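Numbering (this note's numbering), first residue to last: 774 to 1169. C-beta: ideal position from N, C-alpha, C; glycine also. On a predicted model such as this, the values are computed, not experimentally measured, just so you know.
Shown next as structure tokens:
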């Protein structure tokens, strides 16, 4: 079996999953076990790498001794044909060069990361076998014992490497799984932190809603207090009297308006655009026109065209100016301010509720992601700790 085949056998994954569950642990305990396993494997990796480096150094020393012997071999006095001796010498030199390259290449292993170093190691040795096989075979035509000793040294080196590297298969698998679990736990912690942040945000928002609702309730109470006050009752009475006066004034204005024949006025003053415009304004908005027209020109127009006296319009105008269409009392103003504040608070509470809905949707998405990560952790944990079942109770 070649070294390459040996390595393939070593690195071939096996199903370590056991159906025998001996222990049930939480995610929190699993995290601690994973961290311990990572530390343990890190120490094992260092030890195995040191073992490989020490064996390489030993091998290099052994090969150096063989090189001294091979480089000092002299086959010139052998009885074989010169052509054969030339072929042997040339191939011996090629083989010696390959041995030197092998030693030099093996020195680089120490500076590589462990797994990369192991992969590089088998590549270097198999490249040596491939490139040196032909020259080795031709050199052994006349050189047997010395080259056989080199071969024994190389085979012993390969055997020892296989024994050392054989321990690394499970180590590499566990390291890969451990690193994946470490990243998943990191992702789970980030999700937990984000969940806490969202929960705090929701708590703040819920408190704001409570505060807003309390303030709204206080406003309602204040409005009720105003409406139950004597001042408000007096204001209602005053507003009622005001409405009565306003209605009486409106009726008087309507009575006077009905005495005016606007079609007749329009026809009578059709040649005068200015008067026609004033007549049209009175016809369309009698009350507003009286308030705006200080001279109350319509009185003169009616007298001229219809022969009717409407002098009482002057008195009505004065009353109209003094009285407002709507009486706004202090209690009305106070209630209006409170109702405006209530409306603002209501909009604010609606906005906060909308924010809570957004945060809730975020939490639902994050929960789905968290559940997926937990399932991945539980599946990976089976390959690292076959006899353990992970029970999820609360976020890590």
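Q.
My output table needs one value for residue 862: the three-state DSSP class, helix, strand or coil.
A. helix
Q: Check each candidate in 1124, 959, 1077, 974 and name the one with the smallest Cα separation from residue 1143.
A: 959
Q) When you compare each of 1064, 1050, 1046, 1111 to residue 998 by their alpha carbons, which one comes out closest? A) 1111
Q. Where DSSP assigns a beta bridge to residue 1164, which residues make up the other side?
A. 799
Q.
For the structure I just gave you, are there three or more beta carbon pairs, one from the region 1018-1031 and one from the region 998-1008, closer than 8 Å?
A. no
Q) So which of 1128, 1072, 1132 has the shortest CA-CA distance to residue 969? A) 1132
(Q) Using C-beta distances below 6 Å, list every residue in its chain close to residue 1054, excluding the 5 sequence neighbours before and after it, in chain order. (A) 1062
Q.
According to DSSP, is residue 840 part of a helix, a strand, or is it coil?
A. helix
Q. What are the start and end residues of the alpha helix (DSSP H) that includes residue 1124?
A. 1103-1157
(Q) Can you tell me whether residue 851 is helix, strand or coil according to DSSP? (A) coil
(Q) Spatial neighbours of residue 811 within its chain, please: C-beta separation below 6 Å, excluding the five flanking residues on both sides. (A) 951
Q | Segments of 3+ residues assigned as beta strand (DSSP E) that fall wholly inside the region 977-1064 | A | none
Q) Do you know how far the Cα of residue 807 is from the Cα of residue 1122? A) 47 Å
Q | Residues near residue 1170 in its chain [Cβ-Cβ closer than 7 Å; skip 5 each side] | A | The structure shown has nothing for residue 1170, since the chain only spans 774 to 1169.
Q) With 16 as the cutoff for other CB atoms within 10 Å, does residue 1109 come out buried or exposed? A) exposed
Q. Does the region 888-904 come close enough to the region 914-923 that 3 or more CB-CB pairs lie under 8 Å?
A. no
Q. Between which two residues does the alpha helix (DSSP H) harbouring residue 899 extend?
A. 887-912
Q | Same chain, Cβ closer than 7 Å to residue 872, five either side skipped, listed in chain order | A | 836, 840
Q.
With three or more beta-carbon pairs closer than 8 Å as the criterion, would you say the region 1071-1089 touches the region 971-982?
A. no
(Q) For residue 901 and residue 924, what's the separation of their Cα atoms in angstroms? (A) 12 Å
Q.
Would residue 1126 and residue 982 qualify as a contact pair, given that the criterion is a beta-carbon distance under 8 Å?
A. yes
Q) Hey, how far is the Cα of residue 1083 from the Cα of residue 1093? A) 16 Å
**Q.** Three-state secondary structure (DSSP) of residue 1068
**A.** coil
Q.
Just verifying my parser: in three-state terms, what is the DSSP assignment at residue 845?
A. coil
Q. For the region 819-837 against the region 879-889, are there 3 or more C-beta pairs whose distance is under 8 Å?
A. yes
Q) Apart from the five residues on each side of it in sequence, which residues of its chain come closer than 7 Å, Cβ to Cβ, to residue 829? A) 879, 882
Q: Starting from residue 939, follow the alpha helix (DSSP H) in both directions and report where the run begins and ends.
A: 918-939
Q) Using 8 Å as the Cβ pair cut-off and three pairs as the minimum, do the region 856-867 and the region 935-950 touch? A) no
Q | Minimum C-alpha distance to residue 861 - residue among 1130, 907, 934, 1036 | A | 907
Q: Consult DSSP for residue 1080 and reduce its assignment to one of helix, strand or coil.
A: coil
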